[in-house]
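In the order they appear, the protein sequences are chains Z, W, U and Y.
Reading the first sequence from the start, the letters are residues 1 to 341 in my numbering.
Reading the second sequence from the start, the letters are residues 1 to 341 in my numbering.
Reading the third sequence from the start, the letters are residues 1 to 341 in my numbering.
Reading the fourth sequence from the start, the letters are residues 1 to 341 in my numbering.
One structure is given below, encoded as structure tokens.
There are 4 protein chains.
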Amino acid sequence: MGAQRVGVVGASGYTGAELLRLLASHPDLDLVLATSREFAGRAVADVYPNVGLPLPFTELDMDALASLDLVFLALPHGASMELGVALLERGIAVVDLSADFRLKDPSAYPAWFGSEHTAPSLLEQWVYGIPELHREAIKGASAVANPGCYPTAALIALAPLLASGIIDPATITVTAASGVSGAGRSLSPGVHFSHVDGNFKAYGLPTHKHTPEIEQELSLLAGTDVRITFIPHLVPMPRGLLATCIASRATDADPNDAADAFYADEPFVRVLRDRLPETKYTHGSNHCLLSYAVDVRTDRVVALAAIDNLGKGAAGQAIQNANLMLGLAETAGLAGHGIYP
Amino acid sequence: MGAQRVGVVGASGYTGAELLRLLASHPDLDLVLATSREFAGRAVADVYPNVGLPLPFTELDMDALASLDLVFLALPHGASMELGVALLERGIAVVDLSADFRLKDPSAYPAWFGSEHTAPSLLEQWVYGIPELHREAIKGASAVANPGCYPTAALIALAPLLASGIIDPATITVTAASGVSGAGRSLSPGVHFSHVDGNFKAYGLPTHKHTPEIEQELSLLAGTDVRITFIPHLVPMPRGLLATCIASRATDADPNDAADAFYADEPFVRVLRDRLPETKYTHGSNHCLLSYAVDVRTDRVVALAAIDNLGKGAAGQAIQNANLMLGLAETAGLAGHGIYP
Amino acid sequence: MGAQRVGVVGASGYTGAELLRLLASHPDLDLVLATSREFAGRAVADVYPNVGLPLPFTELDMDALASLDLVFLALPHGASMELGVALLERGIAVVDLSADFRLKDPSAYPAWFGSEHTAPSLLEQWVYGIPELHREAIKGASAVANPGCYPTAALIALAPLLASGIIDPATITVTAASGVSGAGRSLSPGVHFSHVDGNFKAYGLPTHKHTPEIEQELSLLAGTDVRITFIPHLVPMPRGLLATCIASRATDADPNDAADAFYADEPFVRVLRDRLPETKYTHGSNHCLLSYAVDVRTDRVVALAAIDNLGKGAAGQAIQNANLMLGLAETAGLAGHGIYP
Amino acid sequence: MGAQRVGVVGASGYTGAELLRLLASHPDLDLVLATSREFAGRAVADVYPNVGLPLPFTELDMDALASLDLVFLALPHGASMELGVALLERGIAVVDLSADFRLKDPSAYPAWFGSEHTAPSLLEQWVYGIPELHREAIKGASAVANPGCYPTAALIALAPLLASGIIDPATITVTAASGVSGAGRSLSPGVHFSHVDGNFKAYGLPTHKHTPEIEQELSLLAGTDVRITFIPHLVPMPRGLLATCIASRATDADPNDAADAFYADEPFVRVLRDRLPETKYTHGSNHCLLSYAVDVRTDRVVALAAIDNLGKGAAGQAIQNANLMLGLAETAGLAGHGIYP
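Structure, rendered in structure tokens:
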């Protein structure tokens, strides 16, 4: 069997660029198409000299997409709704990296994103793409909604605690901090180097649009409706994301043991016992580093998760999902180790 | 009246260096002495070319100190206990920048710092040096314990909320993030540039030694015993500190209004309405920027405070305290604006 | 005598913002006006929370300018030509921070900037504003052309060597590196934090537009026509500039001695003997740090100069010039020490 | 044929860690041994969580080394001389990443490194390991001296110019700038994050110890004795190196054409025509990006080369050399693309 043919739609952003980088050395996927309005006609190697691909960026062309086995959609919010549906109708598997198909509840779209979903009846068929939570469903799916970076870290950190009833789901707060690539490649005063360097801030208060996605999955895990306070921050670094989750204890069980058991066979999740997660150790990889502590004075649990927001938080996880969907080894093309220092 | 004579003991660390920088252009204080074992014999201008002072660093000499009006102690924890007491006995005013005199409860020292306090009976006479909370006491004091950087930000953020009963004191969590200078000038693998750059992490879990200091002052404000969960983080930037405080609402009062009222006449505290605090705007200054938000979905209040950890979080506040103790204008020597970008 | 009244035209850029910061605490200058098309109507304190000025930005208004003693022009290239001339005609002193009046040779404007100068006959009356080279002329001037950041560093480094004949003027190369604020506040992919952080590059090859300005002044110093190769680089830091100048030796004289003599009484220039200049020690100040070495193997001299590109390289030097023009102490408002770390 | 067995001696430094990272996913080399006095007994995965290898670090043991096909020596200068000779005597191939075997002239060691070489008669048998210059010799070698990071960049930039006689070899200056990992993992005040961040400086003036290595190879290329002025600088970034080389033109030939021809078939060298090299595009890879410009005003050529100092400047090139020595595909294990942003 030859390699399966894949394409990336919307390859001019950082997430798209990371998909190109990873696909360029994927042993079992053949990257044959990358669309970008901004860069159409130029070779990938000219736009991104780090990725030496001669493949030219092209304009979006439905017929060209129709010949592929799987398409990664890396478009801005709202732009995937129609295209995602159209691709599925033609029998092409899709991993969508936007928020367009992540929420099961159609009413959440107007509430959180300001406009109605255009295909509400199809939302149920999209699988929320965290393999550590939904592996079997992803294996059988042709439509996967790849999670946001913050939700990925928060959910991997909190899942073992909710699954084992260690924390009170009504008390969860998540403060998280991301590198600047999480804000995308678009220009604004807030991403000017001179402004960001030496700067740290919170943003998106009090209701960042990643909140409902986290709550949806936490509610599934807890078996009850969960609402959280989620506060994202911006760190002066290009990549990396740390979620710091705090909740009241419901039992005396050791959260580290719970996480060890929950993630025993996971290739990309590691529970650290003797040190705390640092984002740098995930730089450029698909790994998630976890650590747990109990504050006995206040009877609270602290759960920490570090990922690369463009790796496990976006493009890496998208490839992990695609591997599962296409019947490949889950780790194919993701074996590279993080770069340090 | 001529300028009053001051000295800095332990001037080789970052906090000491910042004191030298600020004192070098203070209009009413005359810096006549700076001690440093490491740099004794060398001119300040040679060690720190940014501060063009010809003053030589000297070894610690009690007789030399005895001629001063006020001494800033910038020594490691534990090293100020004896010296602070000795200076007071000789009638010299002291601002101590360590944790040695911050806690009123002697039993907190063995519990949090691992050893007994050597002068427990004197702890009551030290004033906790946040002028916005204890201005009148500081004015009359000859002994001021200058607060830690994290406590300064957290307390200034939370004080109006507790004073007005807006939040439930049993539900407070503080996640905060500091630039690397907060860890001091000492060398360790954790401060190597190649390790820190592009890296973000939590540390000191679950009970950082700044916790009791925050709890002591919050309890005073709340009129009840307060315990918090406090999680510090390290940001890849030299200076700057942001405290993100979350607590459940106890009333519907607007936290911004409460803060505006509480800090109405403060020269160094500013409540932002249309934007969120960013550490960069405090870079090199003694200012604290605040902002508040209410998450009505979860009925929680979020309070943010940004400071320069070496400014309002250490040396700047020490000079503000000294100004008050010596009867000078509170803002003397602190009028400089933050550097941006 | 009261403070003299000054204004800043074009105060929305980084150089303008640094002028506002410095003028806000200048003891002898009264900042009464700041124009900005982008920010007109908003208070300085709202746009730049680091500078707590209530002064509102206004649109450019010639009548308002006419009441001032001195105007700082911080406009893009080409935009000062008309305004600079008009202000002088009304008897108002001008410090122009653009390149519009730096070159004496009118033919250099079309050659290097692509368009004719609109007031070529007036170029001679503008004094090139490096006080260390042209102090007496600046004192008597009402029109000063403030130098570029790269020229300031390169000229201060090389002046003692050319003045004393230590180097062969035909062999000079200058490679220099600047922080990102030198590229201005305008947005482009090249200033996105995610692109700049962890990145180092040369740019503007082979003929950056600061070249003729450096050559003009080097030629004056050498008494012969000097041409150089000048290669600028971009450093992932907001501020700071280092010029590394290399030339063949013409005599055996010690360049450090020559520099010591040349800058003996200068308040802002310091020749380091035991260490090399580092940009960080000039952060936020008007200082220039110098160092010299001789490579006897190749018979070449290396001259290093570090400045803050927004300080001595722009706004700081502009205020130094204004002080001289208005008969104030040269160091007024510039006594602040650099911030470290 | 099974994979060949390799080991890394001195794996606790940054170069050693990068070798481990690359070898961990090398398809044809089996990493069976990593020595480190500092980390002996701990697993690689514990020390470097980015590299998930269970392999434990061990103490140096000659018998264990004797079973290997090839050993990478990543020891400090001076420490490889004896071990390198001993391994060769036992018939084990060696790639030494120190300077101990780079210079052919024994007298250069006392002159540049302060002590005599202990095996001067063996220096001739070590091949200087830049495959682009010495590929055939490396293929047949059992002893390769892996070049320094600065020499790699400078030599790849200058080789086409000297080989084609485009520049005057008597006029070469090299100013170069490296990320901080080039200074190693050892702690010193000069690598403290708070000192380095926001800082740029030159160092090692006027005669850095990489100079003779550059001159040796330039002399071979030019066919005449070449001396250069080489000035290194430190950039506030963990990785990346740019060499900016300037020399007078000797002919009118186009340096870009010369470089295109010289590197026509090279897998890791790329001559950019429409943009200049930026270090970021080599981050984590073994690539070298080149660009050339002619300053016709001064008749000088500027040659720029960007590499990752730990990739093509150290560990990547070492693996490239090992691949050639062991008869593997030259690009094996080095196919990964640089990480951006």
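Beta carbons are placed, not taken as given, at the ideal position from N, Cα and C, and that holds for glycine.
Residue i - DSSP class collapsed to helix/strand/coil
{"i": "F230 of chain U", "result": "strand"}
{"i": "H117 of chain U", "result": "coil"}
{"i": "R5 of chain Z", "result": "strand"}
{"i": "R270 of chain U", "result": "strand"}
{"i": "V47 of chain Z", "result": "helix"}
{"i": "E59 of chain Y", "result": "coil"}
{"i": "L158 of chain Y", "result": "helix"}
{"i": "K104 of chain Y", "result": "coil"}
Contact with chain U by residue i, beta-carbon distance below 8 Å
{"i": "L205 of chain Z", "result": "no"}
{"i": "F200 of chain Y", "result": "yes"}
{"i": "V191 of chain Z", "result": "yes"}
{"i": "Y150 of chain W", "result": "no"}
Beta bridge counterpart(s) of residue i as assigned by DSSP
{"i": "S291 of chain Y", "result": "Y:L304"}
{"i": "A247 of chain Y", "result": "Y:V301"}
{"i": "I167 of chain W", "result": "W:R249"}
{"i": "T175 of chain Y", "result": "Y:I231, Y:T244"}
{"i": "F72 of chain W", "result": "W:V8, W:V95"}
Extent of the continuous alpha helix (DSSP H) run through residue i
{"i": "Q125 of chain Y", "result": "No alpha helix (DSSP H) holds Q125 of chain Y; DSSP gives it neither H nor E."}
{"i": "D257 of chain U", "result": "255 to 262"}
{"i": "T211 of chain W", "result": "211 to 222"}
{"i": "T15 of chain W", "result": "14 to 24"}
{"i": "L326 of chain Z", "result": "Per DSSP, L326 of chain Z belongs to no alpha helix (DSSP H) and is neither H nor E."}
{"i": "A137 of chain U", "result": "131 to 139"}
C-alpha gap between residue i and residue j, whole angstroms
{"i": "F72 of chain W", "j": "H192 of chain Y", "result": "25 Å"}
{"i": "D252 of chain W", "j": "I156 of chain Z", "result": "34 Å"}
{"i": "A335 of chain Z", "j": "S285 of chain Y", "result": "15 Å"}
{"i": "E18 of chain Y", "j": "S194 of chain U", "result": "23 Å"}
{"i": "L29 of chain U", "j": "A332 of chain U", "result": "9 Å"}
{"i": "L221 of chain Z", "j": "V9 of chain Y", "result": "48 Å"}
{"i": "L55 of chain Z", "j": "D61 of chain Z", "result": "16 Å"}
{"i": "R239 of chain Z", "j": "S181 of chain Z", "result": "6 Å"}
{"i": "T35 of chain Y", "j": "A43 of chain Y", "result": "11 Å"}
Test: residue i CB closer than 8 Å to a CB of chain Z
{"i": "Y340 of chain U", "result": "no"}
{"i": "P238 of chain U", "result": "yes"}
{"i": "P212 of chain W", "result": "no"}
{"i": "S219 of chain U", "result": "no"}
{"i": "L289 of chain Y", "result": "yes"}
{"i": "A293 of chain W", "result": "yes"}
{"i": "A3 of chain Y", "result": "no"}
{"i": "T15 of chain W", "result": "no"}
Any chain W beta carbon closer than 8 Å to residue i
{"i": "R300 of chain Z", "result": "yes"}
{"i": "A259 of chain Z", "result": "no"}
Start and end residues, beta strand (DSSP E) containing residue i
{"i": "V85 of chain U", "result": "Segment 81 to 89 is the alpha helix (DSSP H) holding V85 of chain U; no beta strand (DSSP E) there."}
{"i": "F193 of chain U", "result": "Unbroken run through F193 of chain U is the alpha helix (DSSP H), 193 to 196; no beta strand (DSSP E)."}
{"i": "L29 of chain Z", "result": "29 to 35"}
{"i": "A145 of chain W", "result": "143 to 145"}
8 Å Cβ cutoff, residue i in contact with chain Y
{"i": "S107 of chain W", "result": "no"}
{"i": "R185 of chain W", "result": "yes"}
{"i": "I167 of chain U", "result": "no"}
{"i": "A24 of chain Z", "result": "yes"}
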